[in-house]
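Chains as they are written, first to last, in this note's numbering: chain B, 18 to 292; chain Z, 4 to 226; chain G, 61 to 470; chain F, 1024 to 1239.
Beta carbons: idealized from backbone N, C-alpha and C, even for Gly.
Everything numeric in this text was worked out from a predicted model, so none of it was measured.
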Amino acid sequence: MSLVRTLETLDRRWIFLIVGLLVLIPLIWPLPLPLTVSRRVQGFHDAIESLPDGSTVLMSCDWDPSGKPEMQPMTRTALRHLFSKNCKVVVTVLWNGGPGIVDEQLRFVADEMGKKYGEDYVNLGYKAGNEAVMVLMGQSIASTFPRDIRGGVTADYPIMKKVRNYSSFPLLVSISSGYPGTKEYVQQVQGRFHIRMIAGVTAVSAPEYYPYLQSGQLLGLLGGMAGAAEYEKARGESGGATRGMVPQSFAHLFVAFCILAGNGVQWLKRREAHA
Amino acid sequence: MSFHPSSDVGVWVAALLTLCIFSFLYKDNPFYKFAEHLFVGVSAGYYIILNFWTVVVPNLWEPLVKSFSAPGGPTAVELGDYRIWLALPGVLGVLLFTRLFGRIGWLSRWSLAVIIGVYAGLKTTGFAQSDLVSQVQASLVPIFTGSFWPSFNAVLFSIGLICSLLFFFFSREHKGALGGASKVGILFLMVSFGAGYGYTVMSRISLLIGRLQFLVEDWLGLR
Amino acid sequence: MAGSNAVRFARRAAALAIGIALLAPPALAQNAPAGPPSDTTSAAASSVLAAPAPASGLTWSDVPNDAGRAVDLQWTASPGEAESPGSVTLYVIERALLPGGPWSEVDSVPAGTLGRTDGTVRRNTDYYYRVTAVGPGGRTPALSVTGPVTARSHWFNDTRWSVLVFIMLFFAFVMWFVWQAQSGKKPFVRRIAGIDAIEEAIGRATEMGRPVLYVPGIQDIDEIQTVQGLIILESVAKLTARYQTPITVPVAYPIPFTIAEEMVKSGYLHAGRPEAYDPNSVRFVSPEQFAYVAAITGIMLRDKPAAHIFMGSFFAESLLLAETGFATGAIQVAGTANVHQLPFFVVACDYTLIGEELYAASAYLSGEPKLVGGLKGADLMKILIILLVVVGCALETAGVHWLTEAMRAQ
Amino acid sequence: MKREFPLLVTALIGFFMILSFFVPHQAVSVPADFLQVCAVIVVAFGYVLGGANALRVNFDAIYKRQPGWPYKIVLVVSLLAMVIVGAIEGKGFQGEGTRFTWMYERLYSPMSATMFALLAFFIASAAFRAFRIRTLEAGLLALAALIVMIGRVPIGDWLTGALPPNLRLSAIQEWIMDNPQNAAKRAILIGAALGVMSTGLRVILGLERSYLSGED
């Protein structure tokens, strides 16, 4: 059976095995690779860095466990960055599956940096309604989120004393992996309440937001795990995203090889058919 | 290279379910079907409880009940505090359940009418401002800015934008100049699809990295 | 236009402020420094530091384009800030209903900020404001009181002219074409190549005597692409009925399922062969993404249809469908407006309808006035946008910015 | 009456919401705010209905012993377990260490993540088996995909380390993203915006009947 025949009818489970190994091995034996911080990631970093210390920021974490590998590193690094400038963070979650895993990140970083719930950060949890919730928050956040994720009354928390609506925030950080998320915040909030905005998104949705970067609606963007790793490097940290970049690199090389090999096989087959 | 698997039964449950779903790669099997149906059941139950405790109670039930004892009584309505008026969305919400019983299912149209009306309005103005006007406004850029590269990029950007728009033009046959422009437009579109493909590969691979990181680090404790 | 009347406002308000200052009784200026309670040790230190010099020149302007609930306040820094830095740590904005009335603190800003928006005012009520400079040496209220300050509600947000013009223009175009389509004179819509590809795929399936698989997308009826997918299904069903080729239509949601059945039935009716309609050609599968995909790939591998047509809204499952379909060697035609899924269809299918082409195909095939109207209206808008871009870029290159500024929407 | 009146209500609400974008006056902004509060509550009821519907459909399937009904029992039992535990926990159901959070962290979260991780494998096999470069367009797509895929990960710069910085793969990839890709994406955004606006217009003119079809 000619090589072309075997390659063409290759059982795809061999490819699955190779992908699995290519990701597994670098996880066990990590290999440092050079990272360069791109312009859009620097824009994200500088937008937070330029905040006056101690200001209160709105961070909407609209993602759920299906986006965890890309979203968790971004959320943690951004929280560390804000807490290091002892900014106060108000968190909202507009994704059904998100509140639990977002609260986990908040507790993890807050315990690590000794931040107090209700004073330095508050998690207002989930609200249904997508765009409607975003516009309602423009009127009043406490009446849109009467209770926080722990069931307490939102207005009673000290951090909420000076927070009324978007005008109380110098910056909106949108960490999102789809609908509702960054696009809806640009449409319903950034343009309408003219608040400065940056975003951390999954790689699959990143190309969608480049027109917003060029028009200045977004001041910075983290795209996928690579964006998260560059942001960790810009902050001088090395978290989950940086560790993930090695297997990411190998897997990308393999997929590129598959594209070329697949077409090589077809080209050989056509040549064999003519010969 | 130490190997000390986790002692938390929860991690074991999560790891076994992860392997059940990965077993679909070999072939569709009872383990996968079990995990898939468990997932659909758990997420459906989770959605019910989440929306009940975080929206129906704090945004409808509590303000409604509190409005009777609050100063000014249930009719003292003002922005952000709608008191007795909240009964309206409450009724509309309950009407949705008539869809479960075929005959009176048409009553749910009133609830759908409100949702479709509100979101049609919000999306129309949201898309009009940020995806139409702001995008066109941001495309008005000086073509020749002195230095070579920015001017080249500006010219390329304008040509790409105009030709891609012409590709989606359906009022005239794509012949002659219009045909040429739409051919150029499809090339720009293909570059953007290629970029989309590359970024999608990154997203999917990182999902796998996340799961294997969980299995290797949290479950098996390989360090 | 908006800028000029704000300036007029500010000038008139400033004149008023000075007027009040002359009348205000001098007693206001020396109220006791009610600084933060300091314990004995710092009391000695604070007596050394002089009380900060007062801020002055407080002017206000009603925030435009709102429902009269916010007022902008501006003031000039207390001279203390420049002469002895650190003597002023923050400015406290105080508000009262009467010029000398009980003062309540509205907001406090760190030294160096010279403006603040008070968003807690009630509309059409008169307020009086003063800024108090606060420092280690105590508090010194401003010498003058500004007021009466009243916030008005506005009927039109004049920074959104451009959005209004675009929406009105587009709606006018669409309604004009819908009216034209309804009154019999059908506006011209070009036949896109995708429709020929669909017919060719069905023709090939007929030659090989194999069924056609039609997938109308994974979303419910509230997604416009599902509606378009079902419209195209009707035309496909007409062809398969005429060529007597079996068709299989797996559907994910109940409502699209009932519509798909009606579409296929009317297809066979149009072809004059209502009796040949096979009731289980349209099958309800499940809304769960991966279960739906597993069912479809099962049909692909078992029934081996020769033509796969995917028309509608698809997400991550587009990859699985296109790959399995490709491996069976069937001719595949796809169409979706979900841009992030187009790359996978483009590389794996024989022909792909890109984004709005799906819209154009359903408008062309159905001739439905509201669809044709929407399409033609969008075409006219695109011409307008291209002209705007050309003219705008030319103006910008010449350094003229009024068009860009006019279009800026807040 | 059953169809015309809801359509009229939808049209009025849609028009009113567009008006509220342009008119900040309280006579328009307060009712618009109230309509959004209604939308939030009704959408939440929609999700509760979705869960209840899943329960009913699967009870039906079990009762009629449809194929694969034992798995449907797993679905129904897990759904009821989640609802009962959540109901008992009360308002603090998402607090740290509650049984509901345990089920979320140990059942929902891993399965939701793994379900999509499968795609990583399929994307590789699709790249090998179903990525045909037959035309100029597909070739351009492949070229852009390869540059972006390799340029976006550190190994891209490692491979092209010898070149000057702005010729390295990551710089080329960034140029592609900021320029040609951006122009085409903006055209797609504009096209999509016009599509959504024409749907909005149909709702306001009462021509959008899709949600009424199905039951009479």
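| Nearest-angstrom Cβ-Cβ length linking T109 of chain B and L141 of chain B, presumed shorter than 8 Å | By 1-based counting over the first sequence, the position of residue 109 of chain B is 92. By 1-based counting over the first sequence, the position of residue 141 of chain B is 124. Confirmed, about 5 Å.
| message | With distance defined between alpha-carbon atoms, name the residue in F:A1194, F:L1186, F:A1062 and F:L1058 nearest to M1172 of chain F. | response | Taking the first residue of the fourth sequence as 1, we reach residue 1172 of chain F at position 149. M1172 of chain F has its Cα closest to that of F:A1194, out of F:A1194, F:L1186, F:A1062 and F:L1058.
| query | Can you name the start and end residues of the alpha helix (DSSP H) that R199 of chain G belongs to? | reply | Residue mapping note: residue 199 of chain G aligns to position 139 of the third sequence, counting from 1. Unbroken run through R199 of chain G is the beta strand (DSSP E), G198 to P201; no alpha helix (DSSP H).
| task | Could you work out which residues of chain Z lie near S191 of chain B, taking near to mean beta carbons separated by less than 7 Å? | result | Locating residue 191 of chain B in the first sequence gives position 174, where the first residue counts as 1. The premise fails here: S191 of chain B is roughly 13 Å from chain Z at the closest Cβ pair, so nothing lies under 7 Å.
| query | Which residues share a DSSP beta bridge with D173 of chain B? | reply | Start at 1 with the first residue of the first sequence, and residue 173 of chain B comes out as number 156. In DSSP, D173 of chain B forms no bridge with anything.
| query | Interface residues of chain B around N62 of chain Z at Cβ under 7 Å? | reply | For this step, residue 62 of chain Z is matched to residue 59 along the second sequence. Correct list: P163.
| said: Can you pull out the residues from the stretch 279-292 of chain B whose beta carbon lies closer than 9 Å to at least one beta carbon of chain G? | reply: Along the stretch 279-292 of chain B, there is no position whose C-beta sits under 9 Å from a C-beta of chain G.
| task | Measuring only between beta-carbons, confirm whether A1136 of chain F sits less than 8 Å from chain A. | result | Judged by its chain identifiers, the structure shown contains no chain A, and its protein chains are B, Z, G and F.
| message | Short of 9 Å Cβ to Cβ, which residues in the stretch 423-454 of chain G face chain Z? | response | Closer than 9 Å at the C-beta level to chain Z, one finds these residues of the stretch 423-454 of chain G: A423, Y424, L435, K436, A438, D439, L440, M441, K442, I443, I445, I446, L448, V449, V450, V451, G452, C453 and A454.
| In three-state DSSP terms, what is S185 of chain Z? | By one-based count along the second sequence, residue 185 of chain Z stands at place 182. Helix, per DSSP.
| query | Which chain F residues are close to S222 of chain G, counting only those with a beta carbon under 8 Å from its beta carbon? | reply | In the third sequence, counting from the first residue as 1, residue 222 of chain G sits at position 162. Per Cβ cutoff of 8 Å: no residues; S222 of chain G is ~12 Å from chain F at best.
| message | Using only the alpha-carbon positions, how far apart do E283 of chain G and T1222 of chain F sit? | response | If you number the third sequence from 1, residue 283 of chain G lands on position 223. If you number the fourth sequence from 1, residue 1222 of chain F lands on position 199. When rounded, the distance between both Cα atoms is 10 Å.
| Test: F230 of chain G CB closer than 8 Å to a CB of chain F | Residue numbering aside, residue 230 of chain G sits at position 170 when the third sequence is read from its first letter. By this cut-off, F230 of chain G is an interface position.
| request: Round the Cβ separation of Y229 of chain B and N1205 of chain F to the nearest angstrom and send it over; I've been treating them as touching at under 8 Å. | output: For this step, residue 229 of chain B is matched to residue 212 along the first sequence. For this step, residue 1205 of chain F is matched to residue 182 along the fourth sequence. N1205 of chain F and Y229 of chain B do not touch by the CB rule: their CB atoms are close to 10 Å apart, not below 8 Å.
| Inter-residue spacing [alpha-carbon to alpha-carbon] between L431 of chain G and E456 of chain G | Locating residue 431 of chain G in the third sequence gives position 371, where the first residue counts as 1. Locating residue 456 of chain G in the third sequence gives position 396, where the first residue counts as 1. When rounded, the distance between both Cα atoms is 37 Å.
| said: Check whether chain Z comes within 8 Å of S255 of chain B, counting only Cβ atoms and requiring the distance to be less than that. | reply: Residue 255 of chain B sits at position 238 when you count from the first residue of the first sequence. Cβ-Cβ to chain Z under 8 Å: no for S255 of chain B.
| query | Given that a residue counts as buried once 16 or more other Cβ atoms are within 10 Å of its Cβ, and exposed if not, what is E289 of chain B? | reply | Within the first sequence, the letter at position 272 stands for residue 289 of chain B. Burial check for E289 of chain B: the Cβ neighbour count within 10 Å stays below 16, so the residue is exposed.
| query | Any beta-carbon of chain Z closer than 8 Å to the one on T1183 of chain F? | reply | As a first step, residue 1183 of chain F must be located in the fourth sequence, where it is residue number 160. It does not: the Cβ of T1183 of chain F has no partner Cβ on chain Z nearer than 8 Å.
| query | Thinking just about the alpha-carbon of each residue, which of Z:S5, Z:I212 and Z:G13 is nearest to the one in A1140 of chain F? | reply | For this step, residue 1140 of chain F is matched to residue 117 along the fourth sequence. Looking at the Cα atoms, Z:I212 is the closest of the given residues.
| Along the chain, where does the alpha helix (DSSP H) that runs through W80 of chain B open and close? | For this step, residue 80 of chain B is matched to residue 63 along the first sequence. No alpha helix (DSSP H) holds W80 of chain B; DSSP gives it neither H nor E.
| field | chain F within 8 Å of Y151 of chain G, Cβ atoms only | value | For this step, residue 151 of chain G is matched to residue 91 along the third sequence. It does not; no Cβ of chain F falls within 8 Å.
| task | Verify whether the separation of the beta carbon atoms of I212 of chain B and L189 of chain B is less than 8 Å. | result | Locating residue 212 of chain B in the first sequence gives position 195, where the first residue counts as 1. Locating residue 189 of chain B in the first sequence gives position 172, where the first residue counts as 1. Yes, Cβ-Cβ distance for I212 of chain B and L189 of chain B is below 8 Å.
| request: Ignoring anything shorter than 4 residues or poking outside the stretch 246-281 of chain B, list the alpha helix (DSSP H) runs there in chain order. | output: Within the stretch 246-281 of chain B, no run of alpha helix (DSSP H) at least 4 residues long lies entirely inside it.
| message | Against chain G, does A1147 of chain F count as a neighbour if the rule is that its beta carbon must be under 8 Å from one of theirs? | response | For the purposes of this step, residue 1147 of chain F is identified with residue 124 of the fourth sequence, where counting begins at 1. Cβ-Cβ to chain G under 8 Å: no for A1147 of chain F.
| said: So for N1189 of chain F, helix, strand or coil by DSSP? | reply: In the fourth sequence, the residue the question calls residue 1189 of chain F occupies position 166. Three-state DSSP puts N1189 of chain F in a helix.
| query | Going straight from the alpha carbon of R1157 of chain F to that of D410 of chain G, what length do you get? | reply | Position 134 of the fourth sequence, counted from the start, is the residue given in the question as residue 1157 of chain F. Position 350 of the third sequence, counted from the start, is the residue given in the question as residue 410 of chain G. CA-to-CA, the gap between R1157 of chain F and D410 of chain G works out to about 10 Å.
| task | Note the first and the last residue of the continuous beta strand (DSSP E) segment covering H368 of chain G. | result | Stepping through the third sequence from its first residue, residue 368 of chain G is reached at position 308. Its beta strand (DSSP E) spans residues A367 to M371.
| Proximal residues to D70 of chain B (C-beta, below 8 Å), its chain only, five neighbours per side dropped | As a position in the first sequence, residue 70 of chain B is number 53, starting the count at 1. Cβ within range, chain order: K102, N103 and C104.
| What does F100 of chain Z reach in chain G if we use C-beta pairs closer than 7 Å? | For the purposes of this step, residue 100 of chain Z is taken as the residue at position 97 of the second sequence. In chain G, no part has a C-beta under 7 Å from the C-beta of F100 of chain Z; the shortest such distance is about 16 Å.
| request: Would you tell me roughly how many angstroms separate the C-alpha atoms of S206 of chain Z and S222 of chain B, rounded to the nearest one? | output: Along the second sequence, one-based indexing puts residue 206 of chain Z at 203. Along the first sequence, one-based indexing puts residue 222 of chain B at 205. If you take the alpha carbons of S206 of chain Z and S222 of chain B, they lie about 9 Å apart.
| message | Let me see if you follow: with CB-CB separation under 8 Å, is L41 of chain B close to chain Z or not? | response | For the purposes of this step, residue 41 of chain B is identified with residue 24 of the first sequence, where counting begins at 1. L41 of chain B counts as touching chain Z.
| query | Cβ of A220 of chain B within 8 Å of Cβ of M242 of chain B? | reply | The sequence position of residue 220 of chain B within the first sequence is 203, counting from 1. The sequence position of residue 242 of chain B within the first sequence is 225, counting from 1. A220 of chain B is a Cβ neighbour of M242 of chain B, given a cutoff of 8 Å.
| task | Could you tell me whether the stretch 75-85 of chain B touches the stretch 183-202 of chain B, where touching means 3 or more Cβ pairs closer than 8 Å? | result | With the cut-off at 8 Å, the stretch 75-85 of chain B and the stretch 183-202 of chain B touch.
| field | Within chain F, partners of M262 of chain B - CB distance below 8 Å | value | Within the first sequence, numbered from 1, the residue matching residue 262 of chain B stands at position 245. Neighbours of M262 of chain B across chain F, judged by C-beta separation under 8 Å: V1176 and P1177.
| request: Excluding the 5 residues preceding and the 5 following F100 of chain B in the sequence, name in chain order all residues of the same chain whose CB lies nearer than 6 Å to its CB. | output: As a position in the first sequence, residue 100 of chain B is number 83, starting the count at 1. Excluding residues within five positions, the ones whose Cβ falls inside 6 Å are M130 and K132.
| query | Which of the three DSSP states, helix, strand or coil, is assigned to P153 of chain Z? | reply | Residue numbering aside, residue 153 of chain Z sits at position 150 when the second sequence is read from its first letter. For P153 of chain Z, the secondary structure class from DSSP, reduced to helix, strand or coil, is helix.
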